[in-house]
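To get the numbering used here, take the position in the sequence shown, counting from 1, and add 1169.
We put the beta carbon where it would ideally sit given N, CA and C, even for glycine.
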Amino acid sequence: MAPEGEDVDHEAGLGPTPLAQEHEAHTISSDSVLTSQREASPKSTTNSAYSAGSPPKQPIQGADGMPLSPTSASRREFGQNVIRELSEMKDDLWDRFDKNKDGLLSTPEATSFIKNLLKSFIAVLAEDVPEGTAEKAALNKTLPDKSVQKKLAVVFLNTLDVDKDGQTTRQEFYNGFETGLRAVLEELLLIHFGGQKQALEVATAEIVIFINSPGLKTASNTKAGSHKILIHKKKTLLQLREMIEAELGIKKAHQRLWIGFSQLTELSTERNDYTLEECGRMDPPLRSMDNLHLCGADGTQVTECDRLVVSVTRLKRSRSFGSDPVFVQLHPEWAGPQQTACVTAGAVTDFEPGTSTFEWRLDPHKLSAKAGRSSAFFSVKLFQQSKPQHIAEAYINLEEVINDPDISSVLGPYSHGRFIETPIPLTMNDQQGNTVQASKPHTLVLRFGYRPSD
């Protein structure tokens, strides 16, 4: 750490000496990215691929089944350790690199972070590369190469900025930090090791897909407004759908997935048997870091105009709270509350449609596509039968759910009266009613239908 009371120069270089001590385990110290003040230490002479006094490890296999060289394997191992350790210190990093304290991470601030990261990263990575090789020369050129630093900073910021508004907030930084580091590592490997197929395949074996859904964007406890799924590129699209069902509760048979930005294109179920790697070569391509837009739809429609119909369909729990029966209360702000019958809780709890479907009159004038003007807000509360206080809740802007701009662009305004399902993440509460932070919230799947009068 920097001496107490001494200012830290973020732009100062981070020497390789402190990292040499940790080279055997291929880890990186949090201080090596936060500060540049270091005590000299003797350079380790132990081969990083082996532990001292222990037999050699079995070779790691690449995607084609061939063994990877120790150099390729150590790059992958070191990169994963960097990601894991830095992910545990996000708050410290934000406080250090948001220099003007405006709550946003600018390109210069991100470049400063990337520059410090590269100094620490490459110092260890280069120890596996023989002197006099083109690969070593390429690594040595990275640190003073401002174009590489800026390119990696742009990759980092673009990954964090999930809503694509050109600004990276503290919450986006916190939620997407791990994904951003993976994107930087992947880009760095592409820059320097693109010719080594095995190393590249291992580095990019897992891809990240972001799932967007109306309920994820509007529920009160959401952060980035999307759900991250980490999946191997050799998995099929059907297996991705199964992961979505397992994590968000939307049944794969009901899932509709669209990809794109200015214009959404649906991913047909005809692709289900293709791997995600193969889907990346189709039109439209599905690639790592892409956003998929999701809703569940079974083809049914609302029969009466100006009637809002809501069904509680499924509860997906992130952790157990016993087998005590649960029920859900739905309360629109313009009408009285309704609640489902009690059902026995499990990891996945299905509700009976006959006792979990409600409707209210909803005049179109209460809805407005302009942000902030809708007066149709809706609360969702989860109760256990034995407790008077609700254990989880969410507050949603109904307009943003039933007339989500992305979904309505392909299904039409208010989905032309079709029913859609969307996952709603619930904020957990303790027995005193205080909010409890959870890394994975419970998800309640609600089915909405609305057809406004002409």
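Taking 9 Å as the cut-off, the Cβ atoms of C1448 and L1463 do not count as close. A1388 sits in coil when the DSSP states are folded into three classes, being neither helix nor strand.
Here the segment 1511–1526 makes no contact with the segment 1574–1587; the two share fewer than three CB pairs at distances below 8 Å. Under the three-state reduction of DSSP, H1611 is assigned to strand. Secondary structure of C1464 (DSSP, three-state): strand.
Secondary structure of D1575 (DSSP, three-state): helix. Just so you know, the alpha carbons of G1429 and R1440 end up roughly 16 Å apart. Using a 10 angstroms sphere on the CB of T1387, the tally of other CB atoms reaches 16 or more, which defines it as buried.
With a 10 Å radius around the Cβ and a threshold of 16 neighbouring Cβ atoms, A1415 comes out exposed.
Counting every other CB atom within 10 Å of its CB across the protein chains shown gives K1550 a total of 16 or more, marking it as buried. Ranked by how close their Cα comes to the Cα of L1321, the residues R1339, R1351, D1573 have R1351 in first place. Judged by DSSP secondary structure, D1260 falls within the alpha helix (DSSP H) whose first and last residues are 1259–1266. Rounded to whole angstroms, the separation of the alpha carbons of I1589 and F1496 is 21 Å. Annotated as proximal: L1445 and L1406, with beta-carbon spacing under 9 Å. Using a 10 angstroms sphere on the CB of A1504, the tally of other CB atoms stays under 16, which defines it as exposed. Annotated three-state conformation of Y1443 is coil, per DSSP. Note on the segment 1502–1571: whole alpha helix (DSSP H) runs with a minimum of 4 residues are 1567–1571, in chain order. The segment 1508–1520 makes no contact with the segment 1528–1536; the number of CB pairs closer than 8 Å stays below 3. Nearest neighbour of R1483 by Cα position, chosen from K1420, S1543, D1467, turns out to be K1420.
With contacts defined by Cβ atoms closer than 9 Å, I1378 and S1457 form a contacting pair. Look at the segment 1393–1438 and you find these whole runs of beta strand (DSSP E), each 3 residues long or longer: 1396–1401, 1424–1428. CA-CA distance, R1450 to Y1443, rounds to 11 Å.
Counting along the chain, the unbroken beta strand (DSSP E) around K1485 starts and ends at 1476–1485.
Taking the Cβ atoms as the reference, H1396 lies roughly 21 Å from D1467, outside the contact range of under 8 Å. Pairing F1282 with F1266, the inter-Cα distance amounts to about 7 Å.
Taking C-beta atoms as the reference points, S1480 and R1616 count as a pair closer than 9 Å. Per DSSP, T1328 is one residue of the alpha helix (DSSP H) stretching across 1315–1329. For G1618, the pairing in a beta bridge is given by DSSP as V1478. Secondary-structure assignment with DSSP links V1377 through a beta bridge to L1399. Close CB contacts of P1506 within its chain, under the 7 Å cut and outside five residues either way in sequence, are with Q1498, L1499, H1500 (chain order). With 16 or more neighbouring CB atoms inside 10 Å of its own CB, P1621 falls in the buried class. The C-alpha of D1475 is placed about 38 Å away from the C-alpha of N1344. Residue environment for N1269: exposed (fewer than 16 other C-beta atoms within 10 angstroms of its C-beta). DSSP places R1450 in the coil class of the three-state scheme, outside both helix and strand.
In this structure, the alpha-carbon of M1258 lies about 20 Å from that of V1324.
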